[in-house]
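First residue of the sequence shown? That's 1 in the working numbering, and the numbers climb one at a time after it.
One structure is given below, encoded as structure tokens.
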Amino acid sequence: MAPFWVGTGWKMNHTRADAAAYAATLRASPLPRAPDLRLFVCPPFTALATVVDALGDCPVRVAAQNIHWAAAGAHTGDISATMVAECGATMAELGHSERRHTIGETDEEIGRKVRAALDAGLIALLCVGETGLERQAGAAAEANVRQLKLGLRDVAADELGRCIVAYEPVWAIGEGGVPCSPADAAAVHGALRAALKEKAGGAGTVPPVLYGGSVNLQNCRELAAEPEIDGLFIGRAAWRAGGLLAVAEAALAVRRAMAG
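See below:
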């Protein structure tokens, strides 16, 4: 079976001491070394190097929560992909709904960031997701495919293997978020995968498509049971290392049972 991805974005949480303790818990567990599992964490910039160092040889991938599209320059408060890579991170989370809707990032900017991440040797984790109004209008698939195509517009087919897509419906994120039903999530994943296959043609690898949006230990099994879902991107339910490991273990058990 293809590896199942499970990751978490910490948002603006965890000091360096917190991050080191979190990473130490992951390192002490045998789960991250499972050959059919890919774990990743997205710490704040201040904790990237701390997490990388604390993980040591533990194969948990570390992602920045954002990068700037420029390699250097007069961009006060921003951090480049090269700087992130220098910290030891191997991934960059791009296009999260909070950056799209709170900060106002555009699809054009996000596409430039995807290009910058790949140019720096990072895996680009592109987040897409429809609003509640788009969902109510029956335009969920259309909205997500549009974001996907614009985010990957400067990515060649043979570079798709260095990308990951995370579907995170805006209305399902945060404290007041309502989890997307597995069937609805799978439908959007199917539309995204079709668009990715079209872009890949015969020259590229189709990236995994993860689901994120109020994922927790209670719903992770039914989400993992959907063949269209290649992984889970968790928020607050994994802000403690034990939460990440518990969800990963539960979801992986489902995928292994499906594989026979």
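Think of the CB as a built atom: it goes at the ideal place given N, C-alpha and C, for glycine as much as any other residue.
Which residue's Cα is closest to the Cα of residue i: the options?
{"i": "L244", "options": "R16, C42, G201 and T15", "result": "C42"}
{"i": "A183", "options": "L118, E222 and M91", "result": "E222"}
{"i": "L150", "options": "G7, L126 and A248", "result": "L126"}
{"i": "T131", "options": "K113, S97 and R115", "result": "S97"}
{"i": "G231", "options": "P59, Q218 and P208", "result": "P208"}
{"i": "E228", "options": "N216, A185 and A203", "result": "A185"}
{"i": "E159", "options": "D119, R240, A17 and V170", "result": "D119"}
{"i": "R146", "options": "A157, K11, Y167 and F40", "result": "Y167"}
{"i": "A72", "options": "R153, S80 and Q65", "result": "S80"}
{"i": "A124", "options": "A85, R236 and D36", "result": "A85"}
{"i": "P169", "options": "A225, H189, V155 and G201", "result": "H189"}
{"i": "T82", "options": "R115, E105 and R100", "result": "R115"}
{"i": "E105", "options": "W69, L133, E134 and G138", "result": "W69"}
{"i": "A250", "options": "L192, A49 and L37", "result": "L37"}
Quick check on residue i: buried or exposed, where buried means 16 or more other Cβ atoms within 10 Å of its Cβ?
{"i": "R33", "result": "exposed"}
{"i": "G242", "result": "exposed"}
{"i": "E93", "result": "buried"}
{"i": "K197", "result": "exposed"}
{"i": "T46", "result": "exposed"}
{"i": "G129", "result": "buried"}
{"i": "A203", "result": "exposed"}
{"i": "N66", "result": "buried"}
{"i": "H14", "result": "buried"}
{"i": "G7", "result": "buried"}
{"i": "L210", "result": "buried"}
Can you name, in chain order, every residue of its own chain whose Cβ lies under 8 Å from the Cβ of residue i, other than the five neighbours on each side?
{"i": "E108", "result": "L150"}
{"i": "M12", "result": "P44"}
For residue i, collect the residues of the same chain with a Cβ closer than 6 Å to its Cβ; drop the 5 residues on either side in sequence, then sort them by chain order.
{"i": "R61", "result": "F40, T90 and M91"}
{"i": "N219", "result": "P179"}
CB-CB under 7 Å to residue i, same chain, minus the five flanking residues each way: which ones, in chain order?
{"i": "A23", "result": "V51, A54 and L55"}
Item to check | Unbroken stretches of the beta strand (DSSP E), 3 residues or longer, contained in the stretch 156 to 225 | outcome: 163 to 167 and 209 to 212
Next on the checklist: Just to confirm the assignment: which complete alpha helix (DSSP H) runs, minimum length 4, are found wholly within the stretch 67 to 113?
Outcome noted: 81 to 86
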